[in-house]
Amino acid sequence: MILDSKIPAGPLEKKWTSHRFNLKLVNPANRRKYKIIVVGTGLAGSSAAASFAELGYNVLSFSYHESPRRAHSIAAQGGINAPKNYANDGDSVWRLFYDTIKGGDYRAREANVYRLAEVSGSIIDQCVAQGVPFARDYAGYLDNRSFGGAQVSRTFYARGQTGQQLLLGAYQALLRQVNEKKITFFPRREMLDLILHDGKARGIVVRNLVNGKIETYTADAVVLATGGYGNVFYLSTNANASNATAIWRAHKRGAFFANPCYTQIHPTCIPVSGDYQSKLTLMSESLRNDGRIWVPKKKNDLRKPNEIPENERDYYLERLYPSFGNLVPRDIASRRAKEICDNGFGVGETKMAVYLDFVDSIKRLGKETIKQKYGNLFDMYKQITAEDPYNVPMRIYPAVHYTMGGLWVDYNLMSNLPGLFVIGEANFSDHGANRLGASALMQGLADGYFILPYTIGNYLASEKFGKINLTDSSIKSVKNNVEEIISKLFNIKGKTSVNEFHKKLGKIMWNNVGMGRSKKSLNEAINQIKKLKKEFWSDVKIVGEKENVNAVIEKAQRVADFIELGELLATDALNRQESCGGHFREEFQFDGEAMRNDKKFTYVSAWEFKGENKKEKLHKEKLEFENVSLTQRSYK
Amino acid sequence: MKLNLKVWRQQNNSAKGKFVNYKIDDVSEHMSFLEMLDVLNEELIKKSEDTIAFDHDCREGICGSCGFMINGRAHGPGSGIATCQLHMRSFKDGDTIIIEPFRAEGFPVIKDLMIDRSAFDRILQVGGYISAKTGGIPDGNAIPIKKEDSDLSMDAAACIGCGACVAACPNSSAMLFVSAKISHLGLLPQGKIENDERVIKLVAQMDEEKFGSCSNTYACEAECPKEISVTNIARLNKYFIKANL
Ligand SMILES: Cc1cc2nc3c(=O)[nH]c(=O)nc-3n(C[C@H](O)[C@H](O)[C@H](O)COP(=O)(O)OP(=O)(O)OC[C@H]3O[C@@H](n4cnc5c(N)ncnc54)[C@H](O)[C@@H]3O)c2cc1C
Ligand code: SF4
Ligand code: FES
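Top to bottom, those sequences are chains A and B. The first sequence begins at 1 in the numbering used here and counts up by one. The second sequence begins at 1001 in the numbering used here and counts up by one.
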């Protein structure tokens, strides 16, 4: 099987325009004859559902949440990029494209990234029209700030609640279409399988999380907008329920999983405090605009931070990377923090933290300005740690945050399964081996508002759709499969709770497949995960009722899928014998920086499921670079 | 510390509920309230008992999923926080804590502490938006907006839709929630165009969903995790009168 990325011919700047012209259209009067399933109501899913409905398609929208507004996108803090050049600092579509390709360590498709940069300006316009209250200056114009990996100010923000405001915009657009009866929203439904009919994705099987009933829905196309899989590490900044089940079950039905090993560890999170901990809290990257990162120059320094004089502090990012300073990309900032702590310079009770200090900017800008910019983040920090960052520097440490990998999609955002589209964090498309800050919101909304509405029309207009019957044996067997998995789990009647398994998996992943990976640690991880999988399926304990609200059976399935995905993640990391972006193989480094191997690894790894407990098959999509030259990333 | 919990257990919407007592030892003051419940649920699993159902997700006060009455207060002691942001350092060894769902006719119980707040979606659905379609929009800087208005709009837009205002209100009024959306959109020039219609529709739907009316007790503002101000209610009333002129 050859992976066809369907990248249009022609110069980079013209590809999307000419592609759009070549796409087939569905006649407006015919659109109401098509049904589209959208799973997920985060930025990607809500914006896609609303845009499809506005065009006239019938949309069935699903979420395991009670309301579309609860999706994990709501938690994004820092901002969204667009090269508007409002700051007059030399920004352009080309520069955003270049920064993103370089930030991703040259492991993303040029054409996709360029398109993303190209449409991102319209997102800001769209959101303003919807009433998103972006920050403004005193003249009433939109304000910007800087994020890592860029030397221009192109990040738009709504205090520390950018994700919330963007999602409310998309959610309201979705509700408007619910009111118009173009969207039917199904709350508290968890997708557990994908229905294929004549080789095309035609429906989904879900569990109704209120009464436990297994339900089947069919349509002409299925869109997965189900977010990332960071919780495979147990502790992450993701919302508690975020999981990989939708994409993993689609993978088991044939959709290729691309670059699972590209995971992002965010440098600025509140450090772990105890074993009962259920999640990690992000402190937005925007803080690195005004906060300075440092550790004491002396190992094991027990003095309070304010007692350590200036000349005994090591502002190591400013020292190592004079031109980007505290604003180096995330992968670099995280790795350096780990290195510093591993070498004994860490601070705080656990010594697994570095300082993020605002004292200089408070002096320079005044407490009021800092409060205006970051007030809610400072409050959040204080709430959790009982320390006041206006007076004492924050203690931060890296944590799992985002997954660049996901289901493989072509330029039209369609997976290798016809009719299965994947958008937002759930796909692998635009961030290569490392995502720059403020670009996930941009990608999710680009996919949903401005890309998929065109490309899905082309698919619908090009294909013929036979009628499908819910009583067909092929459909019934998918439903039976879901019911069997649930029954099987209930029948194990073991001794270990689902959470204990999840914690064990998390430990294996963090210790062996986390910030530093090696052949040895990866093999170790694969062996341990295989063992864990056996244990899980013979010793997991499910309580509660099958046909009622039951968080235990919900989570059991998610953890079962995480275990399998964890193994693939480690396998992918083992295969990629180079370091790039968030994937750091200890064997491949130079001067502490990631060392790529462009000759051998300038490709996307796309994995094909071959059956339970069988080795997955690797397919390679070669990445072509016609517009940028591959260089060693330098932020010095 | 050791705590005594009295937790509302209710099998489903039509079942009768009751308080059940649980003892929990070894609670660390650094734990969040929900982490304490996680620990209790793990103990219930060990004893092969059904776990306590409650909604939660982000665990950082932004998704609006969590929320119950803790010792009679929506989101518990402390101000400006959601239940998930409450830490056990707010309690002392030996305390008894009463935990029950938000109670309102508009929020039927699903199971234990989990409630159905879809009424909030239905209220917004009738007009809690600006009817801008995707595409064909002028540049974001085409309409300058006074910083003051934009800031006030943002203050109101911070509402997380948790329902604590309803739970705190003696009349189960949803006025704070509705007024937050009305202010968020009505303060912006883009949102003014549909303002009259929006106010009338949202208020009508709020009544339809069996939320009571506002009698200015301001209990809502006191318990709101996002400190949404009651001045929004005054603004809603002003808009409402104008819309009906
Ligand atoms: C704390 C935090 C801060 C962040 N800050 C920023 C930032 O400042 N800027 C930025 O660009 N990015 C940021 N990100 C990243 C960004 O928020 C996410 O990548 C993005 O929001 C993902 O959006 P999405 O629409 O793809 O998925 P999500 O928002 O995760 O939505 C997933 C949806 O799918 C549904 N779902 C999932 N599985 C199923 C299933 N099996 N059945 C039914 N429904 C399902 C869920 O209910 C949900 O509705 C941040 C991330 C975190 C964790
Ligand atoms: S107004 Fe406050 S209490 Fe009411 S729903 Fe919004 S955030 Fe919750
Ligand atoms: S869990 Fe999201 S607000 Fe509490």
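Built from N, CA and C at the ideal position, the CB exists for glycine as well. If you're wondering where the values come from, they're calculated on a predicted model, not measured in any experiment.
What three-state label does DSSP hand residue i in the structure shown?
| i | result |
| --- | --- |
| P398/A | strand |
| A606/A | strand |
| E1060/B | coil |
| P296/A | strand |
| Q577/A | coil |
| T385/A | helix |
| P133/A | coil |
| K1147/B | helix |
| T1051/B | coil |
| I508/A | helix |
| H1030/B | coil |
| S1179/B | helix |
| D331/A | helix |
| P267/A | strand |
| L618/A | strand |
| H1087/B | strand |
| N1171/B | coil |
| T1096/B | strand |
| L317/A | helix |
| R336/A | helix |
| R145/A | strand |
How far does the beta strand (DSSP E) with residue i in it reach, from first residue to last?
| i | result |
| --- | --- |
| M191/A | 189-197 |
| Y1022/B | 1018-1024 |
| I1233/B | Counting along the chain, I1233/B falls outside any beta strand (DSSP E), though it belongs to the alpha helix (DSSP H) covering 1231-1243. |
| V210/A | First-last for V210/A: undefined, no H or E at that position. |
| I1081/B | Note, I1081/B: premise wrong, no beta strand (DSSP E); not H, not E. |
| Y171/A | First-last for Y171/A: 162-179, but that is the alpha helix (DSSP H), not the beta strand (DSSP E). |
| L224/A | 221-224 |
| L356/A | 354-357 |
| K1111/B | 1109-1111 |
Got a sec, what are the start and stop residues for the alpha helix (DSSP H) residue i sits in?
| i | result |
| --- | --- |
| C127/A | 110-130 |
| G1191/B | 1189-1192 |
| L60/A | From DSSP, L60/A is part of no alpha helix (DSSP H) but of the beta strand (DSSP E) over 58-62. |
| D1121/B | 1118-1125 |
| C261/A | C261/A -> no alpha helix (DSSP H), and no H or E assigned at all. |
| N1004/B | Careful: N1004/B lies outside any alpha helix (DSSP H), inside the beta strand (DSSP E) at 1003-1009. |
| R303/A | No alpha helix (DSSP H) holds R303/A; DSSP gives it neither H nor E. |
| D598/A | 598-601 |
| A1204/B | 1195-1208 |
| R95/A | 93-103 |
| A1167/B | 1164-1168 |
| F21/A | 15-22 |
| K252/A | 245-252 |
| C1220/B | 1219-1223 |
Cβ of residue i within 7 Å of Cβ of residue j?
| i | j | result |
| --- | --- | --- |
| Y157/A | A135/A | yes |
| G148/A | P398/A | no |
| P187/A | E66/A | yes |
| M404/A | P271/A | no |
| V39/A | A48/A | no |
| Y581/A | D105/A | Here the sequence assigns Gly to residue 581/A, which means Tyr is not the residue at that position. A contact, by the Cβ cut-off of 7 Å. |
| G78/A | E285/A | yes |
| G506/A | F257/A | no |
| V392/A | K1111/B | no |
| S46/A | L142/A | no |
| A1167/B | F1211/B | no |
| A1180/B | A1156/B | yes |
| L1176/B | I1228/B | yes |
What is the chain-ordered set of residues for which the beta carbon lies under 6 Å from any non-hydrogen atom of ligand 2?
C1159/B, I1160/B, G1161/B, C1162/B, G1163/B, A1164/B, C1165/B, L1176/B, F1177/B, A1180/B, C1224/B, P1225/B, K1226/B, I1228/B
Continuous alpha helix (DSSP H) assignments of at least 4 residues falling wholly in the segment 535-589 of chain A
551-575
Contiguous alpha helix (DSSP H) assignments of at least 4 residues, all confined to the segment 404-431 of chain A
none
In chain order, which alpha helix (DSSP H) runs of at least 4 residues are fully inside the segment 421-480 of chain A?
440-445, 452-462
Jot down the residue ranges of each uninterrupted alpha helix (DSSP H) in the segment 27-79 of chain A, minimum 4 residues, whole runs only, in chain order.
28-31, 43-55
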